[in-house]
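Participant:
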Amino acid sequence: MTAATVSLTVADRVATVRLDRPPMNALDTAVQDRLGELAAEVGAREDVRAVVITGGEKVFAAGADIKEMRGMDMAAMVARGRDLQASFTALARIPKPVVAAVNGYALGGGCELALCADFRIAAEDARLGQPEILLGLIPGAGGTQRLARLVGPSKAKDLIFTGRQVRAEEALAMGLVDRVVPAAEVYEQAHAWAARLAAGPAIALRAAKESIDAGLEVDIDSGLAIERTWFAALFGTEDRAIGMRSFVEDGPGKANFR
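Here this note's numbering is used: position 146 in the sequence shown is 1041, and no number is missing along the way.
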């Protein structure tokens, strides 16, 4: 069951993690755990340089499996909540560029899943939101934290307090998604963007991602120290030598990184 509901394929050094649990790609515990497992796998695989997370043509993921959650009491969710967050955190910390290809609905846990990506490309008919408040709950897979860091606390409170859904254009305007494209082109464009990044210097991309993400959690002096450490470390890589030699001999943007 688990293998059938979340698949992994690799092409052109880009891994595609695809949700396939019709009709709504509800994120039950098996799917949550599988996402965490695949995050670890694609992070470690040398043939993977970038990742696309996607769902179906009409639904990215419409949230948690409410029927499953309904049977849980506080004790059960205290135990489960840590594993849920751990799976999503593993996705957010994949040390490679991650692109979410969002078709249709990305609600609740589905929106939180998209928030784990570095970039979000949405269909023109996409709808995103955190409707947990309508169940008497709050987001529990990182939504209160990642959404506020992405769009700011005021806009995050608007979405979380009301539970309302936003269409793609509003999501773009508030910074919740990075690009809006026709529905038929979402995965193609996400994969193309990921493939472009996959051709870059892998260690430098990891350094950039970790410096930005870790720097957001600390004061600026600590963030500058993180940046400084990575910057110096990259001078020990082969890609740095390739990049500088290519720049001097051929001009910018022509290096073939290894």
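Glycine residues also receive a C-beta, built at the ideal position from the N, C-alpha and C atoms.
Helix, strand or coil, according to DSSP, for Met1002 in the structure here?
Facilitator: A small correction: the amino acid at residue 1002 is Leu; Met does not occupy that position in the sequence shown. Strand at Leu1002.
Participant: For the 8 Å Cβ check, are there 3 or more pairs between the segment 1127-1139 and the segment 967-984?
Facilitator: No, the segment 1127-1139 does not touch the segment 967-984.
Participant: Keeping to the same chain, check which residues put their C-beta closer than 8 Å to that of Asp1073; ignore five residues upstream and five downstream.
Facilitator: Here the set comprises Phe1014, Arg1015, Ile1016, Leu1067.
Participant: Please report the distance separating the alpha-carbon of Arg1153 from that of Lys1104.
Facilitator: Going by the C-alpha atoms only, they are around 19 Å apart.
Participant: Starting from Gly1024, follow the beta strand (DSSP E) in both directions and report where the run begins and ends.
Facilitator: Note, Gly1024: beta strand (DSSP E), 1022-1024.
Participant: By DSSP, does Phe1014 sit in helix, in strand, or in coil?
Facilitator: Phe1014 falls in the strand class under three-state DSSP.
Participant: Which whole runs of the alpha helix (DSSP H) in the segment 1070-1104 are 4 residues long or more, in chain order?
Facilitator: 1081-1093, all fully within the segment 1070-1104.
Participant: Helix or strand or just coil, what does DSSP make of Val973?
Facilitator: Helix at Val973.
Participant: Go through its chain and collect everything with a Cβ distance to Leu1092's Cβ below 6 Å, but skip five positions before and after it.
Facilitator: Answer for Leu1092: Ala945, Pro992, listed in chain order.
Participant: Measuring CB atoms only, is the segment 1049-1058 touching the segment 1074-1084, in the sense that at least three cross pairs come out at less than 8 Å?
Facilitator: The segment 1049-1058 is not in contact with the segment 1074-1084.
Participant: Arg913 by DSSP, collapsed to three states: which one?
Facilitator: Strand.
Participant: I think Ala921 touches Ala959, with their Cβ atoms under 8 Å apart; what is that distance to the nearest whole Å?
Facilitator: Yes, Ala921 and Ala959 are in contact; Cβ-Cβ is about 7 Å, under 8 Å.
Participant: Is the beta carbon of Ala1036 closer than 8 Å to that of Val997?
Facilitator: It is not a contact, given that the beta carbons lie outside the stated cut-off.
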